[in-house]
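Asks: So the sequences go chain by chain: A and B.
Numbering of the first sequence is given in this note's numbering, commencing with residue 39 and proceeding in unit increments.
Numbering of the second sequence is given in this note's numbering, commencing with residue 12 and proceeding in unit increments.
Glycine is no exception: its CB is placed at the ideal position from the N, C-alpha and C atoms.
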Amino acid sequence: MNVTAHAVAAATAAPLEARGLTHRYDSKVVLDHVDLALQPGSVLGLIGRNGAGKSTLIRAMLGLLEPQSGDAFVFGEPALKLSDPVKERLGYVPQQPDALAWLTAAQMFDYLSRFYPRWDHRFVKDTLQRWKIEPDKVMAKLSPGERQRVDLVRALAPQPELLVLDEPASALDPVARRELLREIALRAGEAGATVLFSTHIVSDLERVASDIAFLHEGRLLLHCPVDETKERYARLWLPANVAAAAPTSSLGKRRHEDGSLSVIVECDANGAWPDASRLPGARIDTLGLEDLFVEIAE
Amino acid sequence: MDASLLTIQPASAEPIYRQIVEQLRRLIAGGQLPPGELLPSVREVAGFHAVNPMTVSRAYSLAESEGLLERLRGKGMAVATTRRTSQTQTQRMALLEAPLAALARQARELELPAEPVLQRLSKLMGH
Numbered sequence: 039m040n041v042t043a044h045a046v047a048a049a050t051a052a053p054l055e056a057r058g059l060t061h062r063y064d065s066k067v068v069l070d071h072v073d074l075a076l077q078p079g080s081v082l083g084l085i086g087r088n089g090a091g092k093s094t095l096i097r098a099m100l101g102l103l104e105p106q107s108g109d110a111f112v113f114g115e116p117a118l119k120l121s122d123p124v125k126e127r128l129g130y131v132p133q134q135p136d137a138l139a140w141l142t143a144a145q146m147f148d149y150l151s152r153f154y155p156r157w158d159h160r161f162v163k164d165t166l167q168r169w170k171i172e173p174d175k176v177m178a179k180l181s182p183g184e185r186q187r188v189d190l191v192r193a194l195a196p197q198p199e200l201l202v203l204d205e206p207a208s209a210l211d212p213v214a215r216r217e218l219l220r221e222i223a224l225r226a227g228e229a230g231a232t233v234l235f236s237t238h239i240v241s242d243l244e245r246v247a248s249d250i251a252f253l254h255e256g257r258l259l260l261h262c263p264v265d266e267t268k269e270r271y272a273r274l275w276l277p278a279n280v281a282a283a284a285p286t287s288s289l290g291k292r293r294h295e296d297g298s299l300s301v302i303v304e305c306d307a308n309g310a311w312p313d314a315s316r317l318p319g320a321r322i323d324t325l326g327l328e329d330l331f332v333e334i335a336e
Numbered sequence: 012m013d014a015s016l017l018t019i020q021p022a023s024a025e026p027i028y029r030q031i032v033e034q035l036r037r038l039i040a041g042g043q044l045p046p047g048e049l050l051p052s053v054r055e056v057a058g059f060h061a062v063n064p065m066t067v068s069r070a071y072s073l074a075e076s077e078g079l080l081e082r083l084r085g086k087g088m089a090v091a092t093t094r095r096t097s098q099t100q101t102q103r104m105a106l107l108e109a110p111l112a113a114l115a116r117q118a119r120e121l122e123l124p125a126e127p128v129l130q131r132l133s134k135l136m137g138h
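This is the structure in structure tokens:
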């Protein structure tokens, strides 16, 4: 491939893409043929229970882990062989940051800023102040929450085009969490950054995510725009006497003790629910993402 | 108008962009937002509520297409000054489609025949 063709491919490629990613730990399947592509400027919330494979998926998509099969690409480059220019466009915050812990935050920022032409010194200074982090304390001595905040600042300061956050809010208090979400939202909306963040706190995701992906037992069950998810799926409850007429659903079905049945259904292109919703006694409940997630993941 | 006038409930089953349009509709109908009043920018709303700016843009565009808002060149969005009389009855009926569908569904769930429901609705509308 000549240089121009390569540049065109890189410009049009999804910022982050997984194709058929499959991975096992011992005999346990943690990723089962996962296909996932992020559109430029989108904010994808990756949701799943603890142990669903979120961190493994993120690590495999970034080339930090070699999957048993399948491929991952960052800006069109194979994730396992990223070039330095592509790495510069990427910001990643792992769930438990521990790199460079013997430095103070100020030392680390000073060191890292030399590698990034777009490093935002002002943002670093303002944010550390606002988040009340002592820049001259050795990072190993910071609390887990402070450590996570330092790492978020580190990932945001180079103004990356692709930002990947693994459970970014887990150690943050509500105020800092809201502030982080604001930062994510505005960067995506204004700077056109693409964001992937994993969480099990659904309300965080509902604020800022444009798209949502449900990962359950290593499989991707759902991947669509947040608004559409809310408008397209609902829970259909059928009393026992008509429960046999329940439509098939790949997403979730539960039989209750009295013989009644709940099933997750999808509306058609005209917004109409399946025929069974018009049976006598049938009820349709629209769902927030958290309820939908619980129904699917149970 | 201040961005804090809006309330966002992210966990609701109603998408955020619809929540915004509904509130604008109410605030305008109730006179809290007079014609010509400038709306906060997309950035202000997104920043204040920590929501995706694209969601706010979508809400504003929908409100504009419904004639609630108008785009002022160089100033952003404002409450429409001219009540759009050009909206046909069909267009106005379309706005009622969702609540009517919800009403029909609930009536069915309660196993009510159409006749008494329609009578009641008629009375509520003052006929």
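Could you give the DSSP three-state label for GLY230/A: helix, strand or coil?
Replies: GLY230/A falls in the coil class under three-state DSSP.
Asks: Please list the terminal residues of the continuous alpha helix (DSSP H) segment that includes LEU218/A.
Replies: That run of the alpha helix (DSSP H) goes 212–224.
Asks: First and last residue of the beta strand (DSSP E) that includes TYR154/A?
Replies: Taken as a continuous stretch (DSSP letters only), TYR154/A belongs to no beta strand (DSSP E), as it is neither H nor E.
Asks: Any idea if ALA195/A is buried or exposed, counting beta-carbon neighbours within 10 angstroms, 16 or more meaning buried?
Replies: Under this definition ALA195/A is a buried residue.
Asks: With H, G and I counted as helix, E and B as strand and the rest as coil, what does DSSP make of ASP136/A?
Replies: Coil at ASP136/A, not helix or strand.
Asks: Give every residue of the same chain whose Cβ lies closer than 8 Å to the Cβ of VAL67/B, excluding the five residues on either side of it in the sequence, and list them in chain order.
Replies: Cβ within range, chain order: TYR28, ILE31, VAL53, VAL56, ALA57.
Asks: Please report the distance separating the alpha-carbon of GLY58/A from that of GLY86/A.
Replies: Distance between the alpha carbons of GLY58/A and GLY86/A is about 18 Å.
Asks: As a quick exercise: from PRO21/B, GLU48/B, ILE19/B, pick the residue whose alpha carbon is nearest that of VAL90/B.
Replies: Ranking the options by Cα distance to VAL90/B, first place goes to GLU48/B.
Asks: Does the segment 230–238 of chain A touch the segment 164–175 of chain A, meaning 3 or more C-beta pairs lie closer than 8 Å?
Replies: The segment 164–175 of chain A is not in contact with the segment 230–238 of chain A.
Asks: Does any residue of chain A bring its CB to less than 9 Å from the CB of GLU33/B?
Replies: Not an interface residue.
Asks: Have a look at SER97/B and GLU77/B and give me their C-alpha separation to the nearest angstrom.
Replies: With a pLDDT of only 49 at SER97/B, under 50, the local geometry of the prediction cannot be trusted, and no value is derived from it.
Asks: Pull the bridge partners of LEU49/B from the DSSP assignment, please.
Replies: Answer by DSSP bridge pairing, in chain order: ALA89/B.
Asks: Under 8 Å: do the segment 64–84 of chain A and the segment 253–263 of chain A share three or more Cβ pairs, one atom per stretch?
Replies: Touching, per the Cβ criterion.
Asks: Please list the residues of the segment 242–263 of chain A that have a C-beta atom closer than 9 Å to any C-beta atom in chain B, keeping them in chain order.
Replies: Cβ contacts with chain B: ASP242, LEU243, GLU244, ARG245, VAL246, ALA247, SER248.
Asks: Drop a sphere of 10 angstroms on the beta-carbon of SER315/A, count the other beta-carbons inside from all chains shown, and report buried for 16 or more, exposed for fewer.
Replies: Label assigned to SER315/A: buried.
Asks: Using a Cβ-Cβ cut-off of less than 7 Å, give me the residues of the segment 73–87 of chain A that come near chain B, in sequence order.
Replies: Correct list: VAL81.
Asks: Under the DSSP definition of a beta bridge, which residues are partnered with SER107/A?
Replies: BP columns for SER107/A point to THR60/A.
Asks: DSSP has TRP275/A in a bridge; who is on the other side?
Replies: SER300/A, ARG321/A, per the DSSP bridge assignment.
Asks: How about the segment 105–121 of chain A and the segment 275–286 of chain A: do they share at least three Cβ pairs that are nearer than 8 Å?
Replies: Output reads no: the segment 275–286 of chain A does not touch the segment 105–121 of chain A.
Asks: Buried or exposed for MET39/A, going by 16 or more other Cβ atoms inside 10 Å?
Replies: Confidence in MET39/A is poor, its pLDDT being 46 and thus under 50, which makes the residue's placement unreliable; the coordinate value appears in the next sentence. Exposed.
Asks: With burial defined as no fewer than 16 other Cβ atoms inside 10 Å of the residue's Cβ, what is the status of ALA125/B: buried or exposed?
Replies: So ALA125/B counts as exposed.
Asks: Could you check the C-alpha separation between ALA113/B and GLY91/A for me, to the nearest Å?
Replies: Their Cα atoms are separated by approximately 38 Å.
Asks: Would you say ARG226/A faces chain B, with C-beta separation under 9 Å as the test?
Replies: A quick correction: the sequence has Ala, not Arg, at residue 226/A. So yes, ALA226/A belongs to the interface.
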